[in-house]
Amino acid sequence: MTIESRKRGYHHGDLAQALIDSTVDLLEDKSPTQLSLREVARAAGVSHGAPAHHFGDKAGLFAAVAMQGYELLEIKMHESQAGRTDDRARLRAAGEAYVRFAVQHPVHFSIMFQPNLVHSSEEYLASRARSRAVLEDCVAALLKPTGAEQKRIHATVITLWSQVHGFANLWLTGNLGDPADHALLNQLLSAMLGSLSPRNPQK
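Heads up, the sequence shown is in the UniProt record's numbering, so the first residue is 1 and it goes up one at a time.
What follows is the structure, given as structure tokens:
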């Protein structure tokens, strides 16, 4: 199939998604600064102007990759809550889902947390906020009954986010051994929850 026939065969949304998919595939082997829109178009089998037409420039394309990542992360963390009514269990599941997402989608995870690479927009900021809200809601549900103030809840969210995010980064860079080893992750999650004893709330 020629590039022109492929291009005619794509619907608008399909072409945009094909460009995002090709970008993610290419970033498995090269850094964002090395990637060009022309390479993305070639990998997707479309005209050289297609990426710019859909995303404007490379930062716009990376923003689309990041937004897809935030959506996937939000879905993974929501799915981890299914059937769980205990607030501590929900928080633990969300933390595990966060780390598992990073391991399963390393390219998305990397682009999502390099704001210098993307064009910020209301849509981008909203997708980022929705994914973070899952963890925030879990922490709030656990701490509000203890009388913790919003300032304390916010600080706790940042602390726990830093823990799971840092753990994920260490895993992805090979500093913690095999990502299939659940023992280390379970230890982290247990320590994380242990720091939130409701018997000693801090306001």
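For each residue, glycine too, the CB sits at the ideal point set by N, CA and C.
These numbers come from a predicted model, not from an experiment.
Which stretch, first to last residue, makes up the alpha helix (DSSP H) that contains residue i?
i: K58; result: 58–80
i: T173; result: First-last for T173: undefined, no H or E at that position.
i: V118; result: Element bounds for V118: n/a, residue is neither H nor E.
i: D137; result: 122–143
i: S110; result: 106–112
i: A191; result: 182–194
i: R38; result: 37–44
i: P51; result: 50–55
Judging by CA-CA distance, which residue of the options is the nearest neighbour of residue i?
i: L160; options: N116, R42, L188; result: L188
i: G45; options: S120, L72, A16; result: A16
i: Q163; options: T33, P32, A94; result: A94
i: S172; options: E123, P106, S121; result: For clarity, residue 172 is Leu in the given sequence; the question names Ser instead. The shortest Cα separation from L172 among E123, P106, S121 belongs to P106.
i: S131; options: P51, A43, S120, L73; result: L73
i: Q104; options: K76, L117, S121; result: K76
i: S80; options: V134, D14, D57, G69; result: V134
i: A126; options: G69, D14, L61; result: G69
i: C138; options: D181, A102, A82, N186; result: A82
Quick check: what's the CA-CA separation for residue i versus residue j?
i: E28; j: H78; result: 27 angstroms
i: E4; j: A18; result: Confidence in E4 is poor, its pLDDT being 44 and thus under 50, which makes the residue's placement unreliable; the coordinate value appears in the next sentence. Looking at the two C-alpha atoms, the distance is approximately 15 angstroms.
i: K30; j: M67; result: 20 angstroms
i: N175; j: S36; result: 30 angstroms
i: R84; j: R90; result: 6 angstroms
i: L196; j: I153; result: 11 angstroms
i: A50; j: D57; result: 10 angstroms
i: A129; j: D178; result: 31 angstroms
i: H53; j: P145; result: 51 angstroms
i: P32; j: D14; result: 23 angstroms
i: D181; j: A191; result: 17 angstroms
i: L143; j: A102; result: 26 angstroms
Beta-carbon within less than 6 angstroms of residue i's beta-carbon, same chain only, minus the 5 sequence neighbours each way: which residues are those?
i: A141; result: D87
i: N186; result: none
Among residues of its own chain, excluding the 5 on either side of residue i, which ones have a beta-carbon nearer than 7 angstroms to its beta-carbon?
i: L184; result: L176
i: V65; result: I20, T23, V24, H108, I111
i: E136; result: V157
i: R38; result: H48
i: R92; result: L189, L193
i: L26; result: L35, E39, V40, A43
i: A155; result: none
i: G60; result: H119
i: E71; result: S127
What residues in its chain sit with their C-beta under 8 angstroms from that of residue i, if we drop five residues either side in the sequence?
i: A63; result: F55, V118, H119, S120, S121, Y124
Tell me, please, whether the region 112–124 touches the region 148–155 by the rule of three or more beta-carbon pairs shorter than 8 angstroms. Contact fails: fewer than three Cβ-Cβ distances are below 8 angstroms.
At least 3 beta-carbon pairs within less than 8 angstroms: the region 93–110 vs the region 165–175: When Cβ pairs closer than 8 angstroms are counted between the two stretches, the region 93–110 is seen to touch the region 165–175, the count reaching three or more.
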